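In my numbering, the protein residues as written are 432 to 815. The block underneath contains the structure these notes are about, expressed in structure tokens.
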Amino acid sequence: MSVSQTQTVFAYGGGGGGGGGGGGGSGGNSPSSYNPYGLVVGDDMLFMSHSAWNHIKVYDLDSILLDTFGDFGIKDGFLIDPYGMAIHENMLYVADTGNYRIQVFTTTGEFMFSFGKKGVGDGQFQKPYDIAIEQNMIFVTDPKNKRIQVFDLDGNFISKFSPSHDNLRYPSEITVSEDRIFLTDTKKAGIFVYDLDGNPITEFNSKGDGEKAESSNDLLTYGNHLLVVDGENNRIQVFDFEGNYIQMFGAFIPQNPNVPVLKNEAPHSIAYSNNMFYVGHTGSFNVKTYDAYGTNSIPTWVKNNAGWWADGDISDSAFIDGIEYLIREEIIMVPMTKPHSEEESSIPEWVKNNAGWWADGQIPDSAFIDGIEYLVKSGIIQVA
Numbered sequence: 432m433s434v435s436q437t438q439t440v441f442a443y444g445g446g447g448g449g450g451g452g453g454g455g456g457s458g459g460n461s462p463s464s465y466n467p468y469g470l471v472v473g474d475d476m477l478f479m480s481h482s483a484w485n486h487i488k489v490y491d492l493d494s495i496l497l498d499t500f501g502d503f504g505i506k507d508g509f510l511i512d513p514y515g516m517a518i519h520e521n522m523l524y525v526a527d528t529g530n531y532r533i534q535v536f537t538t539t540g541e542f543m544f545s546f547g548k549k550g551v552g553d554g555q556f557q558k559p560y561d562i563a564i565e566q567n568m569i570f571v572t573d574p575k576n577k578r579i580q581v582f583d584l585d586g587n588f589i590s591k592f593s594p595s596h597d598n599l600r601y602p603s604e605i606t607v608s609e610d611r612i613f614l615t616d617t618k619k620a621g622i623f624v625y626d627l628d629g630n631p632i633t634e635f636n637s638k639g640d641g642e643k644a645e646s647s648n649d650l651l652t653y654g655n656h657l658l659v660v661d662g663e664n665n666r667i668q669v670f671d672f673e674g675n676y677i678q679m680f681g682a683f684i685p686q687n688p689n690v691p692v693l694k695n696e697a698p699h700s701i702a703y704s705n706n707m708f709y710v711g712h713t714g715s716f717n718v719k720t721y722d723a724y725g726t727n728s729i730p731t732w733v734k735n736n737a738g739w740w741a742d743g744d745i746s747d748s749a750f751i752d753g754i755e756y757l758i759r760e761e762i763i764m765v766p767m768t769k770p771h772s773e774e775e776s777s778i779p780e781w782v783k784n785n786a787g788w789w790a791d792g793q794i795p796d797s798a799f800i801d802g803i804e805y806l807v808k809s810g811i812i813q814v815a
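Okay, here's the thing in structure tokens:
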């Protein structure tokens, strides 16, 4: 895996406020002294939850503000201290922390339904904090109740687990990938890993380069990698699922190492879409993008192979050898996928066309990677 920064996508502003009891103040677009919390990308839109202003801002990926929805209040569609978010099948799930519930909207901001209320019983919350969705299940952390609850996509309670008997006591950030739950704790440094039934698998915890800080602002899984946003040390760290350090990248490195990184310059949240990582920064009001594939590190021989293969000069197996090299050396990071039950035996012509165009510089790496992901999904290339 090789990550490289591309650009600052946009600066985002504050806005509005006021109101109460289910309605109130209007949104604004000028920067203001508040920090966003959540950041998710879906349907070619970027969603930010703003806990201080009790709303969600929606941008397109070219930095244009499209919409603001929510406002301070307790009625359906209104929010108090919204925190974590997740997107699944064109639906936006929002942890409406101050109202002790999860609210569900369309990606156009239309309220659909909510679930949960204040309490300690099944399906109830004291502080719904972060959300992850995997295998049609919603996982919600609740540090005040010291537990994680699991719901179906309609908000029906399925199960819960309270890891307070382990080192994890106040679960906060969460991300889920296939059969593993990754968690952080508001009081204790570390990444805590569980299976989907809440049984502990492992944990890792440290503080230096490639190591864990006192707290984490956000987590993201991509492929078989875990990305940890370490705002305290101004970096995003990348680990494998066993906790082995791979690399780090960040947004601001001071020229003078004796000058501390300002908190408002540090990364706070992260999302992924279309081969790009989006990293939100508090205080400085911007989102920066990073190329997930690190185009400069792809060896020339691999690109040459792609062109020769497209021209029929080398075999399919020789071409696949180059792609497997990129995946094995983590130069590109292809999401783990479950192969289709009926594996295809030959590579489609459009993938070969893509390879030739990519070798000639006619299409970007991202378009070429689309073909590689297809080969993985169809079982032609295996990703362990």
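In this text, a Cβ means the ideal position worked out from N, Cα and C, and glycines have one as well. Here the structure is a predicted model, which is why all the values come from computation and not from measurement.
Proximity to residue 593 [Cα-Cα], best of 575, 514, 494: Proximity to residue 593 across 575, 514, 494 peaks at 575, based on C-alpha coordinates.
Sequence-distant residues of its chain with Cβ nearer than 7 Å to residue 561 (five each side left out): So the list reads 514, 515, 526, 572, 603, 604, 605, once near-sequence residues are dropped.
On a CA-only basis, which of 482, 494, 486 is nearest residue 475? Give me that one, please. The option with the nearest alpha carbon to residue 475 is 494.
Hey, out of 630, 661, 705, whose CA is closest to residue 653's CA? Cα-wise, what sits closest to residue 653 is 705.
Is residue 517 helix, strand or coil by DSSP? Reduced to three states, the DSSP call for residue 517 is strand.
In or out: residue 668 buried (at least 16 other Cβ within 10 Å) or exposed? Label assigned to residue 668: buried.
Taking the alpha carbon of residue 661 as the reference point, which residue from 673, 626, 697, 632 has its own alpha carbon closest? That would be 697, whose Cα lies nearest to the Cα of residue 661.
Just to confirm my understanding: we take residue 508, look at its own chain, exclude 5 residues before and 5 after, and list those with CB closer than 8 Å. What are they? The beta carbon of residue 508 sits closer than 8 Å to the beta carbons of 500, 501, 534, 536, 542 from its chain, once the five residues preceding and following it are set aside; these are given in chain order.
Span separating the alpha-carbon of residue 477 from that of residue 744: Residue 477 and residue 744 have their alpha carbons spaced roughly 43 Å apart.
If you draw a straight line from the C-alpha of residue 664 to the C-alpha of residue 481, how long is it? Those two C-alpha atoms are separated by around 23 Å.
Contact check, residue 800 vs residue 806, beta carbons under 8 Å: No. Outside cutoff.
Taking the alpha carbon of residue 791 as the point to measure from, which residue in 673, 742, 552, 517 has its own alpha carbon closest? Residue 742 is the option with its Cα nearest to residue 791.
Given a threshold of 16 other Cβ atoms within 10 Å of its Cβ, counted over all protein chains shown, does residue 759 qualify as buried or as exposed? It counts as exposed.
Alpha carbon to alpha carbon, how far is residue 583 from residue 569? Between residue 583 and residue 569, the C-alpha separation is close to 6 Å.
Could you give the uninterrupted runs of the beta strand (DSSP E) lying entirely in the segment 729 to 763, keeping only those of 3 residues or more? Fully enclosed beta strand (DSSP E) runs of 3 or longer: not present.
In the structure shown, what three-state DSSP assignment does residue 531 receive? Three-state DSSP puts residue 531 in coil, outside helix and strand.
Please classify residue 497 as buried or exposed, where buried requires at least 16 neighbouring CB atoms within 10 angstroms. Around the beta carbon of residue 497, fewer than 16 other beta carbons sit within 10 angstroms, so the residue counts as exposed.
State buried or exposed for residue 550, treating a residue as buried only when at least 16 other CB atoms are found within 10 Å of its CB. The residue is exposed, with fewer than 16 neighbouring Cβ atoms inside 10 Å.
Roughly how far, in whole angstroms, is the beta-carbon of residue 623 from the beta-carbon of residue 650, given that I think they are within contact range, below 8 Å? Incorrect: roughly 11 Å between the Cβ atoms, too far for contact.
Got a sec? Which residues, its chain only, sit under 6 Å from residue 633 by beta carbon, not counting five neighbours each side? Here residue 633 has 624 as same chain residues with Cβ atoms under 6 Å from its own Cβ, once five neighbours each way along the sequence are excluded.
Could you tell me which whole alpha helix (DSSP H) segments of length 4 or greater appear in the segment 584 to 614? Counting only runs of 4+ residues, no alpha helix (DSSP H) is found wholly inside the segment 584 to 614.
Would you mind working out which of 567, 729, 585, 552 sits nearest residue 577, comparing C-alpha positions? Out of 567, 729, 585, 552, 552 has the C-alpha closest to the C-alpha of residue 577.
For residue 458, does the three-state DSSP call read helix, strand or coil? Its pLDDT being 38, under 50, residue 458 is placed unreliably in this model, and the value from its coordinates should be taken loosely. In the structure shown, residue 458 sits in coil (DSSP, three-state: anything other than H, G, I, E or B).
In the DSSP assignment, the alpha helix (DSSP H) including residue 473 goes from what residue to what residue? Segment 470 to 473 is the beta strand (DSSP E) holding residue 473; no alpha helix (DSSP H) there.
How is the beta strand (DSSP E) around residue 551 delimited, first residue to last? For residue 551, there is no enclosing beta strand (DSSP E), as DSSP marks it with neither H nor E.
What residues are listed by DSSP as bridge partners for residue 650? In the DSSP secondary-structure assignment, residue 650 is bridged to 659.
Once the 5 residues before and after residue 747 are set aside, which same chain residues still bring their CB inside 8 Å of it? Take residue 747, set aside five residues on each side of it, and the residues of its chain with a beta-carbon closer than 8 Å to its own are 740, 777, 778, in chain order.
I believe residue 523 touches residue 701 by the beta-carbon criterion, under 8 Å. Please report the beta-carbon distance rounded to the nearest angstrom. At roughly 17 Å, the Cβ-Cβ gap does not stay under 8 Å, so residue 523 and residue 701 are not in contact.
Length-filtered (3 minimum) beta strand (DSSP E) runs lying within the segment 540 to 577: Whole beta strand (DSSP E) segments, 3+ residues: 542 to 546, 562 to 565, 568 to 573.
Starting from residue 783, trace the beta strand (DSSP E) both ways and give me its first and last residue. The continuous stretches of beta strand (DSSP E) do not include residue 783, which lies in the alpha helix (DSSP H) extending over residues 780 to 790.
Can you say whether residue 752 is buried or exposed, counting buried as having 16 or more other CB atoms within 10 angstroms of its CB? Under a 10 Å Cβ-count criterion, residue 752 is classified as exposed, with fewer than 16 other Cβ atoms of the shown protein chains found around its own Cβ.
Check for me: the beta strand (DSSP E) holding residue 717 runs from which residue to which? First-last of the beta strand (DSSP E) with residue 717: 717 to 722.
What is the DSSP secondary structure of residue 808, reduced to helix, strand or coil? In the structure shown, residue 808 adopts helical secondary structure according to DSSP, grouped into three states.
Which one of 532, 472, 484 has the shortest CA to CA distance from residue 517? Taking the Cα of residue 517 as reference, the smallest distance to any Cα among 532, 472, 484 is reached at 472.
Sequence-distant residues of its chain with Cβ nearer than 8 Å to residue 737 (five each side left out): Excluding sequence neighbours, residue 737 sits near 750, 753, 786, 787, 789, 790, 799.
Can you tell me whether DSSP reads residue 579 as helix, strand or coil? Residue 579: strand per DSSP, three-state reduction.
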